[in-house]
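J.: Have a look at this one before I ask anything.
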C-alpha cells in the first residue's frame, strides 16, 4: 500500500512565524503535491514537484515556498505565517504519467495561525 | 479545463447500491474522469478512473456514457463507512494536477 505521511495532524503557530510542513511518501513516486482545503473552496493546488529539486507553482503559491531535496520528501514552507493561511494542508504523491495518474493523499495537517 | 457538475448531496440505504452522477459536458477526447472520496478529517482517497469504457475495481464501478458527457459512480453495496464527500474530476494538464469541485455528500443510513 502507498503510504503518504505528514509530520503533524494539528499545528498552531503565531503570526509571523516560519512554518515547515513535511511530507514523506514511500512509493518512489516522482510527483508530489501540496494542496490546501478550505470550506466552500475545495482543494487548491499550491505547488507541485515532478522530480528532485524541481518545483512548479500551482494556483495559489503566494506566501509559500517548497523544497524537494530527496525524492521521498516534499516540504511546504510558510515564510511568515498569516491568519489567512489557517487551513487544512494536504500532501499527495503520484507515479509518472506513463504509469498511472491517481494521486495518493496524506491524512492532512490542520494549521491554525493566531 | 473541463468542469464537472454534481448534486450537492444524496442519501442511500445501507446495503443498497449508491449511484452518484456527474456531468462533464465539455470534456475533451484525451481527458480522463476520476473519482475520489474524502471521509471526514481524512485526506482524499482515489476510487477509480476511466476514459471511455466502463471500469470496475474492488471499490466501485464507473459507467461513462457513449458521448462521454456524463458518468456514474456505483458503490454496489453501500455501508455506513462509505459516508463521505465524493468528487468527480476531469484530469487536466501536465503534472497530474487535479481540480476538485464541491463534490457530492453521500450519507449512507441504516
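Protein chains in written order, with the numbering used here: chain A, 1 to 114; chain B, 1 to 110. Even for Gly, the Cβ is constructed at its ideal location relative to N, Cα and C. Just so we're clear, the structure is a prediction, and the values are computed from it rather than from any experiment.
Just to confirm the assignment: which complete beta strand (DSSP E) runs, minimum length 3, are found wholly within the region 32 to 113 of chain A?
T.: 42 to 49, 64 to 70, 73 to 78, 87 to 94, 109 to 113, all fully within the region 32 to 113 of chain A.
J.: Using 8 angstroms as the threshold, is the region 57 to 65 of chain A in touch with the region 73 to 80 of chain A, meaning 3 or more CB pairs across them?
T.: As far as the Cβ criterion goes, the region 57 to 65 of chain A touches the region 73 to 80 of chain A, which means the pair count is three or higher.
J.: What separation, rounded to the nearest whole angstrom, lies between the Cα atoms of residue 23(A) and residue 12(B)?
T.: For residue 23(A) and residue 12(B), the distance between alpha carbons rounds to 35 angstroms.
J.: Using a beta-carbon distance below 8 angstroms, is residue 106(A) in contact with chain E?
T.: Checking the listed chains, one finds no chain E in this structure; the protein chains it contains are A and B.
J.: Please list the partners that residue 98(B) has in chain A, where partner means a Cβ-to-Cβ separation under 7 angstroms.
T.: Near residue 98(B) (Cβ distances below 7 angstroms), the residues of chain A are 103.
J.: Which residue wins for smallest C-alpha separation from residue 89(B), given the options 15(B), 18(B), 62(B)?
T.: When each option's Cα is compared against that of residue 89(B), the closest is 62(B).
J.: Please classify residue 82(B): is it buried, with 16 or more other beta-carbons within 10 angstroms of its beta-carbon, or exposed?
T.: The residue in question, residue 82(B), is buried, as its Cβ has 16 or more Cβ neighbours within 10 Å.
J.: Under a three-way DSSP split, which group does residue 37(B) fall into?
T.: Strand.
J.: For residue 58(A) and residue 89(A), I'd like the C-alpha separation in whole angstroms.
T.: Cα to Cα, the separation comes out at about 14 angstroms.
J.: Would you mind sorting residue 96(A) into buried or exposed? The rule is 16 or more other CB atoms within 10 Å of its CB.
T.: With fewer than 16 Cβ atoms within 10 Å of its Cβ, residue 96(A) is classed as exposed.
J.: Can you look up residue 73(B) in the DSSP assignment and give me helix, strand or coil?
T.: It is a strand residue.
J.: In chain order, what residues of the same chain lie with their CB nearer than 8 angstroms to the CB of residue 130(B), ignoring the 5 residues before and after it?
T.: Here chain B covers residues 1 to 110 and nothing more, so residue 130(B) does not appear.
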